[in-house]
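Numbering (the working numbering), first residue to last: 691 to 1000. Each remark here refers to the structure printed beneath this line.
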């Protein structure tokens, strides 16, 4: 814009801009300043005559090409997820590094911090209290900052990677032009890879933390947000109890050999300690729902009869 450049040379339209609108906007802006854009692949000089229509057509084709490339990339990533190949960015969470083969390996110094967070939470500390303790001890976050936030602690306690699993495609790209990403709330499938890498904490500890988070949320009835997040994620969560041992039933997803999936509710004691500790059988979610509907209808009908008698 200062007039110090006479010509911009680019290999193709898609290298210059990702969509028609941006391409034409900047080409025209440069043209007004007397600055040419030369596109090698199409052999176009934007200061040449009669190029406006051709530029519009070609830039549209470039946008279409970008979309196809984005779709191809997504397809390749999904196939990797389905085959169990994991792509994990270790720059966003503490506890692991990557070796030369791209596999997750434990960073022992950071792993001690992770264990501290889990243990302090099970000992009764809140997110805020744990965060204040880490800040006071001047322990750095994954981004190198000293200040810790309760949201960071909550995220660590929910990270399945710490017990050796990897939940893939938690976020997805919603716009192939801007590359904007958002949380995956069912728009695309997620893939859980168990025993993907060495754990920092055992799965039992992780499950205890999730149960503790749930119980605290239920006790804080005045905090509607937390209560909704944990108690209402699934209709029967923390509401179904084992008739044998009294422990809660947890929602699980079973994968069969023919790639079909079945959702069941199973006793937590059975899940953690096996059938010798509790022999209660799993109940299909559809069976549980049908039983609830029948019970509710019965209660409703009895209530109507009582009202008529009164």
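Every residue, glycine too, gets a C-beta built ideally from N, C-alpha and C.
**Request:** Provide the residue span of the alpha helix (DSSP H) that contains residue 837, from first to last.
**Result:** Locating residue 837 in the chain shown gives position 147, where the first residue counts as 1. Residue 837 -> no alpha helix (DSSP H), and no H or E assigned at all.
**Request:** Would you mind sorting residue 886 into buried or exposed? The rule is 16 or more other CB atoms within 10 Å of its CB.
**Result:** Your numbering for residue 886 matches position 196 in the chain shown. When all chains shown are included, residue 886 counts as buried.
**Prompt:** The beta strand (DSSP E) spanning residue 728 covers which residue range?
**Reply:** Indexing the chain shown from 1 puts residue 728 at position 38. Unbroken beta strand (DSSP E) run through residue 728: 726–729.
**Message:** Just to confirm, is the Cβ distance from residue 701 to residue 730 under 8 Å?
**Reply:** In the chain shown, the residue the question calls residue 701 occupies position 11. In the chain shown, the residue the question calls residue 730 occupies position 40. Yes, they are a contact pair.
**Prompt:** Starting from residue 691 and walking both ways along the alpha helix (DSSP H), at which residues does that stretch end?
**Reply:** Residue 691 sits at position 1 when you count from the first residue of the chain shown. Per DSSP, residue 691 belongs to no alpha helix (DSSP H) and is neither H nor E.
**Asked** Would you say the beta carbon of residue 850 comes nearer than 7 Å to a heavy atom of the ligand SAM?
**Response** Only the bare structure without any ligand can be found here, which leaves the ligand SAM out of the picture.
**Message:** For the alpha helix (DSSP H) containing residue 857, name the first residue and the last one.
**Reply:** Against the chain shown, residue 857 aligns to sequence position 167. No alpha helix (DSSP H) contains residue 857, which is instead part of the beta strand (DSSP E) from 856–858.
**Prompt:** Which first and last residues belong to the beta strand (DSSP E) in which residue 787 is found?
**Reply:** For the purposes of this step, residue 787 is identified with residue 97 of the chain shown, where counting begins at 1. Its beta strand (DSSP E) spans residues 786–788.
**Asked** Looking only at C-alpha atoms, which of 705, 953, 937 sits nearest to residue 944?
**Response** Here the question's residue 944 lines up with position 254 in the chain shown. Minimum Cα distance to residue 944 is reached at 953.
**Asked** residue 841: buried (16+ other C-beta within 10 angstroms of its C-beta) or exposed?
**Response** Taking the chain shown and counting its residues from 1, one reaches residue 841 at position 151. Residue 841 is exposed by the Cβ-count criterion.
**Request:** Would you kindly check if the distance between the Cβ of residue 812 and the Cβ of residue 899 is under 8 Å?
**Result:** Taking the first residue of the chain shown as 1, we reach residue 899 at position 209. Taking the first residue of the chain shown as 1, we reach residue 812 at position 122. Cβ atoms of residue 899 and residue 812: closer than 8 Å.
**Asked** Pairing CB atoms from the region 839–854 with CB atoms from the region 793–810, are three or more of them under 8 Å?
**Response** yes
**Item:** Close Cβ partners of residue 832 (< 8 Å) along its chain, the five nearest in sequence each way excluded
**Value:** Start at 1 with the first residue of the chain shown, and residue 832 comes out as number 142. Hits under 8 Å: 781, 782, 783, 784.
**Message:** Just verifying my parser: in three-state terms, what is the DSSP assignment at residue 795?
**Reply:** Locating residue 795 in the chain shown gives position 105, counting from the first residue. Residue 795 falls in the strand class under three-state DSSP.
**Prompt:** Under three-state DSSP, which class holds residue 700?
**Reply:** Here residue 700 refers to the residue found at position 10 when the chain shown is read from its first residue. Strand at residue 700.
**Item:** Residue of 897, 956, 951 minimising C-alpha distance to residue 926
**Value:** Against the chain shown, residue 926 aligns to sequence position 236. The option with the nearest alpha carbon to residue 926 is 956.
**Request:** Name the residue from 799, 951, 971 whose alpha carbon lies nearest to the alpha carbon of residue 940.
**Result:** As a first step, residue 940 is located in the chain shown; it is residue number 250 there, counting from the start. Nearest C-alpha to residue 940: 971.
**Request:** Name the residue from 963, 937, 856 whose alpha carbon lies nearest to the alpha carbon of residue 883.
**Result:** Translated into positions along the chain shown, residue 883 becomes position 193. Nearest C-alpha to residue 883: 856.
**Prompt:** Relative to the C-alpha of residue 890, which residue among 847, 907, 906 is closest?
**Reply:** In the chain shown, counting from the first residue as 1, residue 890 sits at position 200. Answer by Cα proximity: 847.
**Asked** Taking the Cβ atom as the reference point for each residue, do residue 697 and residue 734 lie within a distance shorter than 8 Å?
**Response** As a working note, residue 697 is residue 7 in the chain shown. As a working note, residue 734 is residue 44 in the chain shown. Not a contact, by the Cβ cut-off of 8 Å.
**Request:** Would you tell me roughly how many angstroms separate the C-alpha atoms of residue 977 and residue 836, rounded to the nearest one?
**Result:** In the chain shown, residue 977 corresponds to position 287, counting from 1. In the chain shown, residue 836 corresponds to position 146, counting from 1. C-alpha separation (whole angstroms): 50 Å.
**Segments of 3+ residues assigned as beta strand (DSSP E) that fall wholly inside the region 919–983** = 939–945, 951–957
**Other residues of its chain near residue 963: CB distance less than 6 Å, five sequence neighbours each side excluded** = Numbered from its first residue, the chain shown carries residue 963 at position 273. Hits under 6 Å: none found.
**Residues sharing a beta bridge with residue 883, DSSP** = The sequence position of residue 883 within the chain shown is 193, counting from 1. Bridge partners of residue 883: 856.
**Prompt:** Does DSSP put residue 989 in a helix, a strand or coil?
**Reply:** Locating residue 989 in the chain shown gives position 299, counting from the first residue. Reduced to three states, the DSSP call for residue 989 is helix.
**Asked** Within 10 angstroms of its Cβ, does residue 888 collect 16 or more other Cβ (buried), or is it exposed?
**Response** Reading the chain shown from its first residue, position 198 is the one you call residue 888. The residue is exposed, with fewer than 16 neighbouring Cβ atoms inside 10 Å.
**Request:** Following the continuous alpha helix (DSSP H) through residue 851, name the residue where it begins and the one where it ends.
**Result:** In the chain shown, the residue the question calls residue 851 occupies position 161. Element bounds for residue 851: n/a, residue is neither H nor E.
**Prompt:** Is the CB-CB distance between residue 821 and residue 838 below 8 Å?
**Reply:** Working through the chain shown from its first residue, we reach residue 821 at position 131. Working through the chain shown from its first residue, we reach residue 838 at position 148. Yes, the pair counts as a contact, with Cβ atoms nearer than the cut-off.
**Message:** I'd like the span of the alpha helix (DSSP H) that includes residue 888, first residue to last.
**Reply:** Within the chain shown, residue 888 is the residue found at index 198, counting from 1. Neither: residue 888 is in no alpha helix (DSSP H) and is coded neither H nor E.
**Residues near residue 825 in its chain [Cβ-Cβ closer than 7 Å; skip 5 each side]** = Translated into positions along the chain shown, residue 825 becomes position 135. Cβ neighbours of residue 825 beyond the five flanking positions: 836, 837, 838.
**Request:** Note down the Cα distance separating residue 692 from residue 716, rounded to an integer number of angstroms.
**Result:** Stepping through the chain shown from its first residue, residue 692 is reached at position 2. Stepping through the chain shown from its first residue, residue 716 is reached at position 26. C-alpha separation (whole angstroms): 15 Å.
**Message:** Within 10 Å of its beta-carbon, does residue 789 have 16 or more other beta-carbons around it, so buried, or fewer, so exposed?
**Reply:** Within the chain shown, residue 789 is the residue found at index 99, counting from 1. Residue 789 comes out exposed.
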